[in-house]
Structures are given as structure tokens and as C-alpha cells.
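Asker:
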Amino acid sequence: MASAAQVLANQANAQHSTGPKTDTGKARASRNNLKHGLTLGVLTLSPEEQKQFCEFEAKMRAECLPVGALECEAFQQFLDGVARINKIRSIVGDMIEKYNDDPLLQLETEATYRQLDRYRAAAEMIVYRAVKTLRELQTTRLFREFHVTKDEQEVIPPLVNPGEKFWCGGDMRMAHNDREIFYNIYGSEPLTSRFPPPPPGARVQAF
Amino acid sequence: MPLLPPSRFAELHMEVAAATQPATELERWFANEITHATWELERVRANKSKTDAELRLNSAYSRATRNWHRARKELTSLQTARVNHVIRLTPGRQESAKLTPLADPARVRQPKPAGVMHDHALDLIQAGILSSAALKIVGEQENR
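Just so you know, the sequences run in chain order A and B. Numbering (the working numbering) for the first sequence: 1 to 207. Numbering (the working numbering) for the second sequence: 1001 to 1144.
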């Protein structure tokens, strides 16, 4: 145990240390107590995990072909969720190895396992939501390519799929007559008047 | 209760792959999710006699079940979209649709022209005589 003099000397010496000064140093120090990194905005992967994940990303990108800022962002969110799920599985795998028993039954690991569960649920939500969004965006893109003429492309905003639901006169209408309704109601009026914001408290009728 | 052997996970992986036949990387990912959920369910079932871990097991069971169904639903939807690319699109359109591999062509149908009754109903709605709910009835009748 340190003597009182040593403690005082340590405290005096500590005054000379003002901590990391550079951005790199601060970034490194912020990870001094890093445990799994799942709460970080950007997940850190080991070089091996990084290599595997890059291969996975390349395959997925070649397959999903995201185009445009929105699809790319949804795709990136999907990748982020997958990376987190993989990380959680590797942590659970380590727990199984360490205790040589199912972490579901371990009292010591209960708090950690429960916390990991929460992270996993959040990551799964990110993945499913991102895939859903990506599919919707691509479906809209495909519809517009097949059924929306060049002139129409200029007046119908890019996120609107006239074959799906859209705001029309304060109501949410859907199905095959939508485009007819669209033109019947809005005619050749300028773009800004085609999609007026719904009035406050407007009734949404989805059928 | 001993830990389930890793070989069981490999078996499950093969069984799920045989049952779902994923053809793309994304489908494989969801099939893998089904495998993980099934594996977790098996672990819970194997340990169901452990009363001291009941709460944890129940929670794991409900989460795994939810994940299993969600992954199965997403995989079904992806495979349906993949099939729709072939059966719902002409060869020329299939080429264009290759740029949007995740799109579902079943949701990309040609808008049908509105009928006379529909136009009349629209006029009445705009005049405030009919409610917009009536449009649905008119649309259904015209679709017959």
C-alpha cells in the first residue's frame, strides 16, 4: 500500500499530466475502457473480422445493386446491423467457450447476456427496416422505369410510386386507379400544388 | 444439461438450407437467421427443466420465436420477388429489372384505366356529394 507521502507525490505528479492533446490521442484514450464497442456509433472490427466483412459487403453490394443516396444509405444501415449482430454472436461464442456451458443458464453472465439481447434486438430492427426500405425504393424505381414516362418523371417526385399509396386530396388512396385520380385532381398544375401538405389534424383514410 | 454440441448447429444449418434453398447472399443471410433462431429454440427446449433459469429461458424463447417468424417471412418475401422477376416480367423487362434485384414485380403492375363509373364517382367526390369511401365500392364493382 502506498504511503501518505507517495500518495501526495502521485497526486502532485498527476497535475503535470493533462491527458491526450491531439485528436488521435483523444480518440485512442476514449477507447481505453472499450469492452465490446456495441454502443459506439461506428463499430470497431478486428482485422480478421474486417476482412470477412469486406468480402460479405462486396458480395451483397454486387447482388443488391443499391443506386442513389437513399438506397446506398439503407444498404449501409443493413451492413451496420449485420456487423453488430455478428459481433454479438462472437461475444456469445466467447462466453460459451469461457464457461463451457450455455450462457442462458449462467447466473454470472445474466446481466451481460441481457444487455447483449437488447443490443441484438436493436441491431435486428435496423437490419429488417433497412431491407424493407431498400426493397421499397427499388420497387418504386422499377415501377417508374416501366410505367412512368419521361414527362411524368419530371413532375412526379422520385419517391412517389404512382402504383402504390400516395397522398391525394388529404386521403391515402391506393390501387390501380391512383394515377387516374392523380391526374384528374391535380391536372396540369405546377409541382408544388400537386403535393400540398395535409392540413393539421387531417383525417387519414387508408382503404 | 450439457451444452448442445456444435455439430448440432451444423446439422441445423444443413436442414434449414435444404428446407429453404436460398439462392442469393441476402436469402442465405436470412436462412442463417432462421438457423440461429432454431438453434436458440433447441437450447431453450433442452434446458426447459431448469426452473431457476425459467425467466431467462422464457425471454430467450419468445425472442427466438419472433426472430424465426420474422426471418421466415422476409425470406419468403424475397423468394417470391425473385420468382416474380421471372414469371411476371417479359424477357425484355427482366433485363431492365436486373438493376433492381430486390424489387417485387408483383407490386409493379400497370395502372388500369379508370372506367366511366369511376370518373363519375370522382366528380361526385370533388363536388362533396359522395364520400371517398364510395370510391372503393365503385372500384371493386368495376374490377369484377
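Cβ atoms here follow ideal geometry from the backbone N, Cα and C, with glycine treated the same way. Here the structure is a predicted model, which means the values were calculated and not measured.
In this structure, does DSSP put Gln-15 (chain A) in helix, strand or coil?
Answerer: coil
Asker: Does DSSP classify Lys-51 (chain A) as helix, strand or coil?
Answerer: If DSSP states are grouped into helix, strand and coil, Lys-51 (chain A) belongs with the helices.
Asker: Tell me the DSSP secondary structure of Asn-100 (chain A) in three-state form.
Answerer: coil
Asker: Output needed in chain order: residues of the segment 1013-1044 of chain B with a Cβ under 8 Å from some Cβ in chain A.
Answerer: Those residues of the segment 1013-1044 of chain B that come within reach of chain A (Cβ to Cβ, closer than 8 Å) are Thr-1024, Glu-1025, Leu-1026, Trp-1029, His-1036, Arg-1043 and Val-1044.
Asker: For the alpha helix (DSSP H) containing Leu-224 (chain A), name the first residue and the last one.
Answerer: Nothing can be reported for residue 224 (chain A), as the shown portion of chain A is limited to 1 through 207.
Asker: Within 10 angstroms of its Cβ, does Ala-1114 (chain B) collect 16 or more other Cβ (buried), or is it exposed?
Answerer: At Ala-1114 (chain B), the pLDDT of 48 sits below 50, so the modelled position is not reliable and the matter cannot be decided from this model.
Asker: Taking just the CA atoms, how far does Trp-1039 (chain B) sit from Leu-1055 (chain B)?
Answerer: 19 Å
Asker: If we cut at 8 Å on Cβ distances, does Tyr-128 (chain A) have a partner in chain B?
Answerer: yes
Asker: Can you confirm whether Ser-1007 (chain B), when its beta carbon is compared against all beta carbons of chain A, has any partner nearer than 8 Å?
Answerer: no
Asker: How is the alpha helix (DSSP H) around Asp-23 (chain A) delimited, first residue to last?
Answerer: 23-29
Asker: Return yes when the Cβ of Thr-1090 (chain B) is within less than 8 Å of the Cβ of Arg-141 (chain A), no when it is not.
Answerer: Taking 8 Å as the Cβ cut-off, Arg-141 (chain A) and Thr-1090 (chain B) do not qualify as a contacting pair.
Asker: Could one say the Cβ of Lys-59 (chain A) lies closer than 8 Å to chain B's Cβ atoms, at least one of them?
Answerer: yes
Asker: What do you reckon, are the CB atoms on Leu-107 (chain A) and Val-92 (chain A) nearer than 8 Å?
Answerer: no
Asker: Using a 10 Å radius around the Cβ and a threshold of 16 neighbouring Cβ atoms, would you call Ile-1087 (chain B) buried or exposed?
Answerer: Exposure of Ile-1087 (chain B) is indicated by the presence of fewer than 16 other C-beta atoms within 10 angstroms of its C-beta.
Asker: Using a beta-carbon distance cut-off of less than 8 Å, what residues from the segment 1059-1073 of chain B approach chain A?
Answerer: Ser-1059, Ala-1060, Arg-1063, Asn-1067 and Arg-1070
Asker: Could you tell me whether the segment 52-62 of chain A touches the segment 76-92 of chain A, where touching means 3 or more Cβ pairs closer than 8 Å?
Answerer: Counting Cβ pairs under 8 Å, three or more are found: they touch.
Asker: According to DSSP, simplified to helix, strand and coil, what is Gln-1159 (chain B)?
Answerer: Residue 1159 (chain B) lies beyond the stretch modelled for chain B, which goes from 1001 to 1144, so this question has no answer here.
Asker: Do you know offhand how far Glu-63 (chain A)'s Cα is from Thr-1024 (chain B)'s?
Answerer: Rounded to the nearest angstrom, the two C-alpha atoms are 8 Å apart.
Asker: Going along chain A, which residues have a C-beta under 7 Å from Thr-1100 (chain B)?
Answerer: Gln-138, Arg-141 and Leu-142
Asker: Residues of chain B with a CB under 7 Å from the CB of Arg-118 (chain A): which are they?
Answerer: Under the 7 Å cutoff, chain B gives no residues; its nearest Cβ is about 10 Å from Arg-118 (chain A).
Asker: Using the three-state DSSP reduction, which class does Asn-1047 (chain B) fall into: helix, strand or coil?
Answerer: coil
Asker: Is the distance from the Cβ of Ala-1064 (chain B) to the Cβ of Leu-104 (chain A) below 8 Å?
Answerer: no
Asker: Can you find the residues in the same chain that come closer than 7 Å, C-beta to C-beta, to Leu-1026 (chain B), ignoring five residues on each side of it along the sequence?
Answerer: Leu-1078
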